[in-house]
Structures are given as structure tokens and as C-alpha cells.
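Undergrad: Mind looking over this structure? Questions follow.
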Amino acid sequence: MSAFERFRESWVRPALFFGNNLLSLIGGALTSASAFVLTGFWVVDAVGHGGTQNPYIGIILDFFLPALFLFGLMLIPVGMVLRRSALRKVGRIPLAFPKIDFNDPIFRHGIDIVLVATFVNFVILGTATYRGVAYMDTVSFCGQTCHVMTPEGTAYPVSTHSGVACVDCHVGSGVGGYVHAKVNGTKQLIDVVRNHYPTPILSNDMLPPASQTCLHCHRADGWIGDKIFVETTFDDDEKNTRTRSLILLHVGGRAMDGQLSGIHGAHLGHIAYISTDTTHQTIHYVAKTEANGAVTEYMDTDAKHAKVGALRTMVCTDCHNRVAHSFETPEKAVNRSMLAGVISPDLPYIHKESIALLKAPYASRQQAQEEIAANLARFYQTNYPQIWQANPYKITQAAGQLTVLWSQNVFPFMQVTWGTHPNNLGHNDYPGCTRCHDGSHNTASGKSISSDCSTCHNVLTIDSTNRKQIADLGVQ
Ligand code: HEC
Ligand code: HEC
Ligand code: HEC
Ligand code: HEC
Ligand code: HEC
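Residue numbers (my numbering): 391 to 866.
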């Protein structure tokens, strides 16, 4: 007997004989169906048409389908072993295993089952996978379905980048970015299912380089020049006095003559730093590479840290870290709503009361809604009964808006509250620019990174209540 014949006699025929049972046949059908679906998606991915960038799809394509494939594969020997022991019990194991015979109705019946089951499985699996993949590709999946993303998913629709998909900033281009994102996405989904994720989720330098995200749509050194910036605030007095600040920001860029200038020109590519925390709020070492390659080093004189830690080159997101999902301070949120009139500036002390109510701790939206409404009503009933009687509507509207502001910025279940996600653009709400430009980051010879107001902007008017002066500047 040749080796091939021996193999056929002692392995193939017994395998086919014992394998002719429902469990093994279903296993075979599952395996082949998931293999078909997987191959289909791999081909689509490789060819690049209709492929997807979504990091979480890995859980279906790299995890669920392969798991089903293996599960089906395992069912086959399990079914065989079960059938063998069942037959042995009744003493019906044949001495010679039947030949492979397509005329044998039992054998044909087995093949029919496999074919039909494979087809049915293929249709079901294929449709389910296709729908799952299409669904996971939507912004609503990233921002809403996955509850740990609720803070970002809430802030995103009202941002300047609400038209830009999450994956356009969070997944790098090319094969590297794709694989990296998928491995990470699968890990994150498993973490969420295991209920094992950080609260709050802080940015951790996982963002792909700007060249693969921001610079697909923006130019690194486009000329922006000067930009007027108007900030309206209300005071804490009874009349909620309205004040205005106006600055002329020197954003700069690369001018016609090729020179870099202004805020954009000063940093791109030539400033690097070391920070002591994950969100880079405390910076103790800064290095500037001059045009001739020389490096100027600035050390924070207050924090006597040594030059240890990872050196990070400044990129767009070191300043624009909240472009797509920005959270407000209570002051900013209230000022904005008062400017829009949703919280009426006519209500005495409404600015002061609103901020105090927003800053109070509430365990849930429900509680925030009830307590804000009750406390605001009580304030006016006690102190301004005639206003409460004449205008209860304005007060309930203000309370309603405060609840909205609270629920857009505070997420107790993720431990996200006012100030959890600092905004690095500016210096009034968070350290921002003054993480370095604070006058205490000095070179060995004592030269500091400039903190002179006019380095960054001319202050045209600050906290001005003079409406005529503001109007003369042309501001509405
Ligand atoms: C225009 C680019 C952009 C888009 C679009 C975008 N993000 Fe972000 N995302 C960022 C930046 C920048 C950071 C902060 C990175 C840093 O500070 O290092 C960030 C950080 C995060 C973080 C970490 C926690 C935090 O808030 O800092 C999460 C979670 C996140 N994004 C989720 C999302 C989700 C969900 C969407 C879609 C609904 C989305 N992002 C869309 C740019 C973007
Ligand atoms: C898919 C294209 C796209 C990507 C990617 C993108 N942006 Fe934008 N960005 C836009 C568009 C379009 C606007 C104008 C939106 C408007 O005016 O409503 C804009 C506006 C801006 C603005 C001005 C408005 C503001 O929010 O202050 C800044 C700053 C900005 N982008 C920075 C970034 C940064 C930083 C990144 C990378 C993290 C980035 N963008 C990624 C398309 C993009
Ligand atoms: C040192 C901090 C800093 C860095 C780094 C930085 N920016 Fe800016 N950028 C600013 C400031 C400040 C403004 C003006 C304030 C504003 O628009 O709200 C601005 C404005 C902008 C605007 C709005 C321009 C307009 O016409 O309204 C865009 C777009 C922008 N930056 C994109 C980028 C991109 C892309 C990068 C990375 C290549 C980048 N910025 C790097 C600080 C920075
Ligand atoms: C990581 C540290 C760091 C941060 C954060 C930072 N800068 Fe700078 N910036 C520097 C250094 C270092 C220089 C170079 C100083 C020098 O050459 O004297 C510089 C230079 C500048 C200059 C040019 C100064 C000049 O004399 O020409 C401007 C304008 C500027 N920064 C604005 C900003 C603004 C606006 C922000 C916040 C949105 C900001 N910077 C955030 C480190 C930083
Ligand atoms: C390193 C750069 C830098 C320096 C130095 C600087 N500022 Fe600013 N400042 C900014 C930027 C950037 C913004 C715009 C923030 C934004 O886009 O939200 C700003 C905004 C402001 C605003 C209006 C916005 C607000 O939130 O109230 C005022 C007022 C202001 N600065 C005052 C000053 C004064 C006064 C000084 C000097 C003591 C100063 N700044 C020094 C970068 C700087």
C-alpha cells in the first residue's frame, strides 16, 4: 500500500465517515461561510474601493469573523468524536470505512447540508457584517453609541469641525495608520466591554502626526496675518454690566517675501519641549532651533526640574487641541448665552447666579435640572418678587439654558467636569500660551520667552464698558 493509500484508508475515510453528523456539518458550513465573508472584505480593503478607515471595525473583521471561523473549525472534530463514541457504545464502528461514493445517498445528503448551510450562513453573516461595518463608519457610532465617547460626541456637533469625520483626525493615513488604529480600536472596544477604561479619558499623544490629519485640509504656513478677536463678558453686578475686549492677534504665517512671522511662524517645526504631565500643562524645558541650527534652551526657573522626559516638537494640536470638541468654562458658557439673549441680561444678578449654579455639584442631569430651576426661582421669588411675578418665563428659560450648558460640559459618569479638558489656545481660561510665555522660562544667560502682550496681540481695548468707543471701532 502506498503512503497515499494508507493515508486515505486510515484518515480520510474515517474522517468522512465520522464527520457525517449534524454538528460537524454545521461547523464546516460556519467555517466556510466566515472564510468567504472575510476574504470578500479583505479584497475590498486591499483594492481600496469602499474600504473603511474606522478603527473599531477591526472588532468584526479581525476578531469576530476569525473567532467564528475557529469556532466552526472546532465543531468539526467535536462532532466526529461524539459520533464515534455514540457508535462505539452500540458497537457499530465498521471494520472497513465506506468508500467515497457520490452515488451513496447518505454521503450526498451530507454534502447537500453543507452546501445549503454554507449558503445560508454566508448570506446572514455577509449581510450582518456589511451592516455592522457601515454602521460603525458613521459619526454617530463613534460619538454616540459608545457611551465613553459621550463628552466628545456632545461637543462635536457644535464645533467648527462638525463636518469632519472623527477618523479624519484620529486615524493616520497609509497602511501604518490603518493597522495601528485597528489594533487600538479593538483593544479599546474590549476595554469598554470589560468596563475597564480610564475616567476621564485624556488625550495621550495618540493623535497621528498633523501631516496626516490637519494638513490634508490646512496649510502649515499659509499666510493668515492679523486677526481681530472680540470677547464679550458680563460682570457680576446687579446690572450684569456688559464689557468688551478687543485684540488684534498676530497670527502671521509665511508672507509673500518668504519670511515666517507671527504666532504661526514662530513655532512650526522649530520649538520642542518636555512636559511633566500627559496633557502637557506643565512644561519645564523648551528648546528653540534657530535658522542656523543653533539650539536655545529655556528652563523653568520655578520648578527646578532636570532636563528629563520625552522631547516633543510643537505641532498644530499643541495650541489647537480642542478644535473638534471643545468644552467651555462656566463663565464663557454663560457669557455666550447672555450675548445671544437665551439667558436674559435684564434679570438682575443673573450672571453671578448662573455661574454659581453651574459650578455646584450635581450627580445627574435630572438633579441639575431640578435644582437649577428651583434655586433660580427661589432667588428671584425672595429678592425680586415683582420680577418673578411679571416675568417668570424669562427665569424658567434661563434655568432651562443653564441645564443645557451643564449637560454639554459635565459628564459625571466619565468624571468630566468644568476644566477637565483644558483649551491651550490663549491664556485667560487655562495656562495655554503661558505654559511657556510666562516670563519665568529662561536661558542660562537670563533671556526669557517673551510675555509682553504685544508679542502676540495688540490690546485695542480691554474690559471696556464704553459703547461709543466700541461702536467707533466698528464692532456691532
Ligand atoms: C478636527 C480634528 C478632530 C476631529 C474631527 C475629532 N477629533 Fe477627537 N481629538 C482631536 C484633538 C486635537 C484631540 C486632542 C489631542 C491632544 O490634546 O493631544 C482629540 C482628543 C480626543 C479624545 C481624547 C479626550 C479628549 O477629549 O481630549 C477623544 C476621546 C476624542 N478626541 C474623540 C473624538 C470623537 C468621538 C470624534 C468624532 C465625534 C472626534 N474625536 C473628532 C481632534 C479631532
Ligand atoms: C477634512 C478637512 C479638515 C481637517 C482634517 C481639519 N480641518 Fe480645520 N477646518 C476645516 C474647515 C472646512 C474649516 C472651516 C470651518 C468653518 O469655518 O466653519 C476649518 C477650520 C479650522 C480652524 C478655524 C476655526 C476654529 O475652530 O478656530 C482651525 C484653527 C482649524 N481648522 C484647525 C485644524 C487642526 C488643528 C486640525 C487637525 C487636528 C484640522 N483643523 C483638521 C477642515 C479641516
Ligand atoms: C503657537 C500656537 C499655534 C500653533 C502651533 C498653531 N496655531 Fe493656528 N492659530 C493660533 C492662534 C492663536 C490663532 C488665532 C486664534 C483663533 O483663530 O481663534 C490661530 C488660527 C488658526 C486658524 C484660523 C485662521 C483664520 O483665518 O481664522 C487656522 C486654520 C489654524 N490656526 C491652523 C493651524 C494649523 C493647521 C496649524 C499646524 C500646522 C496651526 N494652526 C498651528 C495658534 C497656533
Ligand atoms: C512649548 C512652549 C510654547 C508654547 C506653549 C507657546 N510658545 Fe510661543 N514661543 C515659544 C518659544 C520658545 C518662542 C521663541 C522665543 C524667542 O525666540 O525669543 C516662541 C515665540 C513666540 C512668538 C514670537 C515672539 C517673537 O519675539 O518673535 C509669538 C508671537 C508666540 N510665541 C506666540 C504664542 C502663542 C499665541 C501661544 C499660545 C497659543 C504660544 N506662543 C505658545 C514657546 C512656546
Ligand atoms: C504668548 C502670546 C500672548 C501674550 C504674551 C499675551 N496674550 Fe492675550 N491672548 C493671546 C491669544 C492667542 C488670545 C486669543 C485666545 C483665543 O483665541 O481664544 C489672547 C486673548 C486675550 C484677550 C481677549 C480674550 C479673552 O479671553 O478675554 C485679552 C483681553 C488678552 N489676551 C489680554 C492680554 C494682556 C493684557 C496681555 C499682557 C499682559 C496678554 N494678553 C499677553 C496670546 C497672548
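Note that the Cβ used here is the ideal one computed from N, Cα and C, for glycine as well.
1. Taking D708 as the reference, which of L505, E721, F717 and S665 has the closest Cα?
2. Please state the DSSP three-state secondary structure of V869.
3. Among the residues of its own chain, which have a CB less than 8 Å from the CB of L863, if the five just before and after it don't count?
4. Output the distance between the C-alpha atoms of F394 and V402, rounded to the nearest integer angstrom.
5. Examine ligand 5 and report whether any of its heavy atoms sits within less than 7 Å of the Cβ of L815.
6. Would you call the CB atoms of M704 and Y663 closer than 8 Å?
7. Let me check you understand the geometry: is the CB of G543 closer than 7 Å to at least one non-hydrogen atom of ligand 1?
8. How would you write the range of the beta strand (DSSP E) that R634 sits in, first residue to last?
9. So which of L420, F426, A486 and G430 has the shortest CA-CA distance to R396?
10. With which residues is Y675 paired in a DSSP beta bridge?
11. Under a Cβ-count criterion, where at least 16 other Cβ atoms within 10 Å of its own Cβ denotes burial, should M646 be classed as buried or exposed?
12. Is the stretch 623-639 close to the stretch 725-743, with three or more CB pairs under 8 Å?
13. Let me know if A837 comes out buried or exposed under the rule of 16 or more other beta-carbons within 10 Å of its beta-carbon.
14. May I ask whether a heavy atom of ligand 1 can be found less than 7 Å away from the beta carbon of Y520?
15. Which residues in the same chain have their Cβ closer than 6 Å to the Cβ of P735, if we skip the five residues on either side of it in sequence?
16. With distances taken Cα to Cα, identify the nearest neighbour of I614 among I777, P598, R632 and L638.
17. Could you give the DSSP three-state label for R702: helix, strand or coil?
18. In angstroms with no decimal places, state the Cα-to-Cα distance between A656 and L650.
19. Just how far apart, CA to CA, sit L463 and H660?
20. Using a Cβ-Cβ cut-off of 6 Å (strictly less than) and excluding sequence neighbours within five positions of V506, which residues of its own chain qualify?
21. Is it buried or exposed for W432, if we count other Cβ within 10 angstroms and need 16 for buried?
22. By Cβ distance below 7 Å, which residues in the same chain neighbour L658 in space, the five residues on each side in sequence not counted?
23. Does the beta carbon of T845 fall short of 7 Å from some heavy atom of ligand 4?
24. Are there any heavy atoms of ligand 1 lying less than 7 Å away from the beta-carbon of H741, as far as the coordinates show?
25. Which residue marks the beginning of the beta strand (DSSP E) containing L850, and which one marks its end?
26. Closest to P488 by C-alpha separation, out of D581, A780, G481 and P404, would be which residue?
27. What's the C-alpha gap between T672 and K697?
28. Going by the C-beta, is G652 closer than 7 Å to any heavy atom of ligand 4?
29. Could you tell me which residues DSSP puts in a beta bridge with T623?
30. Per DSSP, which one or two residues make a beta bridge with H831?
31. Please confirm whether any heavy atom of ligand 1 lies closer than 7 Å to the CB of D581.
32. For A419, does the count of other Cβ atoms within 10 angstroms reach 16, so buried, or fall short, so exposed?
33. Mind the definition here: the stretch 770-777 touches the stretch 736-744 only if three or more C-beta pairs lie below 8 Å; say whether that holds.
34. Given 7 Å as the limit, tell me if V800 has its C-beta closer than that to any heavy atom belonging to ligand 3.
35. Please classify N511 as buried or exposed, where buried requires at least 16 other C-beta atoms within 10 Å of its C-beta.
36. Whole angstroms is fine: what's the gap from P821's alpha carbon to H827's?
TA: Let me spell this out:
1. In the sequence shown, residue 708 corresponds to position 318, counting from 1. Selected option, being the one with the closest Cα: S665.
2. Residue 869 is absent from the model: the chain starts at 391 and stops at 866.
3. For the purposes of this step, residue 863 is identified with residue 473 of the sequence shown, where counting begins at 1. Excluding sequence neighbours, L863 sits near L636, L850 and T851.
4. By one-based count along the sequence shown, residue 394 stands at place 4. By one-based count along the sequence shown, residue 402 stands at place 12. Spanning the two alpha carbons is a distance of roughly 10 Å.
5. As a position in the sequence shown, residue 815 is number 425, starting the count at 1. L815: yes, Cβ under 7 Å from ligand 5.
6. Reading the sequence shown from its first residue, position 314 is the one you call residue 704. Reading the sequence shown from its first residue, position 273 is the one you call residue 663. Closer than 8 Å, so yes.
7. Your numbering for residue 543 matches position 153 in the sequence shown. Result yes, Cβ under 7 Å from ligand 1.
8. By one-based count along the sequence shown, residue 634 stands at place 244. From DSSP, the beta strand (DSSP E) with R634 extends over R632 to R644.
9. Taking the sequence shown and counting its residues from 1, one reaches residue 396 at position 6. Of the candidates L420, F426, A486 and G430, the one whose C-alpha sits nearest the C-alpha of R396 is A486.
10. For the purposes of this step, residue 675 is identified with residue 285 of the sequence shown, where counting begins at 1. According to DSSP, Y675 bridges with I664 and M689.
11. The residue labelled residue 646 in the question sits at position 256 within the sequence shown. Exposed, since its Cβ has fewer than 16 Cβ neighbours within 10 Å.
12. yes
13. Start at 1 with the first residue of the sequence shown, and residue 837 comes out as number 447. The residue you asked about is not Ala; residue 837 is Lys in the sequence shown. So K837 counts as exposed.
14. Counted from its first residue, the sequence shown places residue 520 at position 130. Checking the Cβ of Y520 against ligand 1 gives no.
15. Locating residue 735 in the sequence shown gives position 345, counting from the first residue. Only N630 and M728 meet the Cβ criterion.
16. Against the sequence shown, residue 614 aligns to sequence position 224. Among I777, P598, R632 and L638, the Cα nearest to that of I614 belongs to L638.
17. In the sequence shown, counting from the first residue as 1, residue 702 sits at position 312. In this structure, R702 counts as strand in the three-state DSSP scheme.
18. On the sequence shown, residue 656 is found 266 positions in, with the first residue counted as 1. On the sequence shown, residue 650 is found 260 positions in, with the first residue counted as 1. Approximately 7 Å between the Cα atoms of the pair.
19. For the purposes of this step, residue 463 is identified with residue 73 of the sequence shown, where counting begins at 1. For the purposes of this step, residue 660 is identified with residue 270 of the sequence shown, where counting begins at 1. When rounded, the distance between both Cα atoms is 56 Å.
20. Taking the sequence shown and counting its residues from 1, the one referred to as residue 506 is at position 116. Once the five neighbours on either side are set aside, V506 has no close Cβ partner at all.
21. Here residue 432 refers to the residue found at position 42 of the sequence shown. So W432 counts as exposed.
22. On the sequence shown, position 268 is the one that residue 658 refers to. Around L658: A610 and D611.
23. Your numbering for residue 845 matches position 455 in the sequence shown. Under cutoff, so the answer is yes.
24. Taking the first residue of the sequence shown as position 1, residue 741 is located at position 351. Because no heavy atom of ligand 1 lies under 7 Å away, the Cβ of H741 does not count as near it: no.
25. Working through the sequence shown from its first residue, we reach residue 850 at position 460. Run containing L850: H847 to S854, per the beta strand (DSSP E) assignment.
26. In the sequence shown, the residue the question calls residue 488 occupies position 98. Nearest C-alpha to P488: P404.
27. Translated into the one-based positions of the sequence shown, residue 672 becomes position 282. Translated into the one-based positions of the sequence shown, residue 697 becomes position 307. Taking the straight line joining both Cα atoms gives about 13 Å.
28. Within the sequence shown, numbered from 1, the residue matching residue 652 stands at position 262. G652 Cβ: within cutoff of ligand 4.
29. Translated into positions along the sequence shown, residue 623 becomes position 233. In the DSSP output, where bridge partners are listed per residue, T623 has T633.
30. Taking the first residue of the sequence shown as 1, we reach residue 831 at position 441. Answer is D690, bridged to H831.
31. Taking the sequence shown and counting its residues from 1, one reaches residue 581 at position 191. The answer is no for D581.
32. Against the sequence shown, residue 419 aligns to sequence position 29. With 16 or more other Cβ atoms within 10 Å, it is buried.
33. yes
34. Here residue 800 refers to the residue found at position 410 of the sequence shown. No, the Cβ of V800 stays beyond 7 Å of every heavy atom of ligand 3.
35. Along the sequence shown, one-based indexing puts residue 511 at 121. By the neighbour-count rule (16 or more Cβ atoms within 10 Å), N511 is buried.
36. Here residue 821 corresponds to residue number 431 of the sequence shown, with the count starting at 1. Here residue 827 corresponds to residue number 437 of the sequence shown, with the count starting at 1. Roughly 9 Å between the two C-alpha positions.
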